[in-house]
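Colleague:
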Amino acid sequence: HEIPGIPQVEVEVESMDKAGNFIGWLHIEGVNLSVALVEQALSRVHFTAERSPYCKALLAAQDAAKQRKEKVWSHYEETPVEEVVPVLEEKERTANYKPVFVTEITDDLHFYVQDVETGAQLEKLMENMRAEVGAHPPVEGSFVPRRGDFCIAKFVDGEWYRARVEKVESGGKVHIFYIDYGNKETLPPSRLAPLPPAFSPRVLPPQATEYTFAFIQVPQDVSTGGLRLCPHTWAPTVGPDLRPPPCVPPMARRPTL
68 HEIPGIPQVE
78 VEVESMDKAG
88 NFIGWLHIEG
98 VNLSVALVEQ
108 ALSRVHFTAE
118 RSPYCKALLA
128 AQDAAKQRKE
138 KVWSHYEETP
148 VEEVVPVLEE
158 KERTANYKPV
168 FVTEITDDLH
178 FYVQDVETGA
188 QLEKLMENMR
198 AEVGAHPPVE
208 GSFVPRRGDF
218 CIAKFVDGEW
228 YRARVEKVES
238 GGKVHIFYID
248 YGNKETLPPS
258 RLAPLPPAFS
268 PRVLPPQATE
278 YTFAFIQVPQ
288 DVSTGGLRLC
298 PHTWAPTVGP
308 DLRPPPCVPP
318 MARRPTL
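Each residue of the sequence shown is one higher than the one before, starting from 68 at the first, in this note's numbering.
1) Near Trp140, which residues of its chain fall below 6 Å by C-beta distance, leaving aside the five closest residues on each side in sequence?
2) If you run the structure through DSSP and keep just helix, strand and coil, what is Glu233?
3) When burial is assigned at 16 or more other CB atoms within 10 Å of the CB, is Val76 buried or exposed?
4) Tell me which same chain residues have a C-beta within less than 6 Å of the C-beta of Ala124, skipping the five on either side of it?
5) Report the residue ranges of all beta strand (DSSP E) runs contained in full by the region 84-154; include only those spanning at least 3 residues, in chain order.
6) Starting from Arg262, follow the beta strand (DSSP E) in both directions and report where the run begins and ends.
7) Classify Met83: buried if its beta carbon has 16 or more other beta carbons within 10 angstroms, exposed otherwise.
8) When you compare each of Tyr248, Arg118, Cys122 and Ala220 to Asn99 by their alpha carbons, which one comes out closest?
9) For Leu176, which of helix, strand or coil comes out of DSSP?
10) Can you pull the DSSP bridge partners for Ser209?
11) Name the two residues that bound the continuous alpha helix (DSSP H) containing Ala187.
12) Out of Val241, Val270 and Tyr248, which one is the CA nearest neighbour of Leu259?
13) Which same chain residues, not among the five before or five after Arg214, have their C-beta less than 7 Å away from its C-beta?
14) Starting from the Cα of Phe178, find the closest Cα among Gly186, Val169, Lys221 and Thr185 and give me that residue.
15) Excluding the 5 residues preceding and the 5 following Ala128 in the sequence, name in chain order all residues of the same chain whose CB lies nearer than 7 Å to its CB.
16) Taking just the CA atoms, how far does Lys221 sit from Phe266?
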């Protein structure tokens, strides 16, 4: 029963042992006395309060008291938080070797290769494409080259190869890139024709993949202002233990090293 003039006090029992000892909370006029003591900087929060339903209220009250630096927190100094920089574990580099055919080397030492695993597919595609073109020869002038178009180009060996138009000059010269070998050439439109859909890059992606040497810088020849290259013609070495590529690559020029 409430008695006028006397504060209303409630005891909330949280746990009790066999001997009747208990841990609980004292509420005066609806105010948690423990929270109030901490809030007024008259007490600190014990670690066992982490299991209590009042833990958040207690910690919030204690943080506020620390900021005011009053009473039990009058000499409180906030410990600086050290920034932890994560250490990235260095992974051992693993080599992943695969056989390739080098089909083109540029003057700046970039090079193009074909994957040996797909060499048979390219050889079959070229064979079928040339048979198709031979059975239905393209009409001269039927192909109007535009930059980015895929086409077929007749190389100096008289054979047709897949190519991509890179530039069209006003004088009629067309700069093309052989997508399966990596070399480039400038041709008249008469040596170009539409690429049959059955042999487009959607059927077999371009087989020439460009690479460059890491941490290598080609020296400049001060006397000529160009790259310093040796006067030796580059050509792939084919020995008794080496097989030539399945398709002879078109080489518009032999780069020198």
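Yeah, the Cβ is synthetic: ideal placement off N, Cα and C, and Gly gets one too.
Modeller: This is what the structure holds:
1) Here residue 140 refers to the residue found at position 73 when the sequence shown is read from its first residue. Here the set comprises Ala108, Ala132 and Lys133.
2) One-based indexing of the sequence shown puts residue 233 at position 166. The answer is strand: DSSP assigns Glu233 an E or B state.
3) Counted from its first residue, the sequence shown places residue 76 at position 9. Exposed.
4) Within the sequence shown, the letter at position 57 stands for residue 124. Taken in chain order, the residues that qualify are Val102.
5) 89-95
6) Numbered from its first residue, the sequence shown carries residue 262 at position 195. Just to set this straight, residue 262 is Leu in the shown sequence, not Arg. That residue, Leu262, is in no beta strand (DSSP E); it is neither H nor E in DSSP.
7) On the sequence shown, position 16 is the one that residue 83 refers to. With fewer than 16 Cβ atoms within 10 Å of its Cβ, Met83 is classed as exposed.
8) In the sequence shown, counting from the first residue as 1, residue 99 sits at position 32. Of Tyr248, Arg118, Cys122 and Ala220, the residue nearest in Cα terms is Cys122.
9) Taking the sequence shown and counting its residues from 1, the one referred to as residue 176 is at position 109. Residue state, collapsed to three classes: coil.
10) For the purposes of this step, residue 209 is taken as the residue at position 142 of the sequence shown. Its beta-bridge partners do not exist; DSSP assigns none.
11) Sequence index remark: in the sequence shown, residue 187 carries index 120 (1-based). Note, Ala187: alpha helix (DSSP H), Gly186 to Ala202.
12) The residue given as residue 259 occupies position 192 in the sequence shown. Measuring from the Cα of Leu259, the nearest candidate turns out to be Val241.
13) By 1-based counting over the sequence shown, the position of residue 214 is 147. Contacts found: Val232, Glu233, Lys234 and Val235.
14) Translated into the one-based positions of the sequence shown, residue 178 becomes position 111. The candidate whose alpha carbon is nearest that of Phe178 is Val169.
15) On the sequence shown, position 61 is the one that residue 128 refers to. Here the set comprises Val102, Val105 and Glu106.
16) In the sequence shown, counting from the first residue as 1, residue 266 sits at position 199. In the sequence shown, counting from the first residue as 1, residue 221 sits at position 154. One C-alpha to the other measures close to 16 Å.
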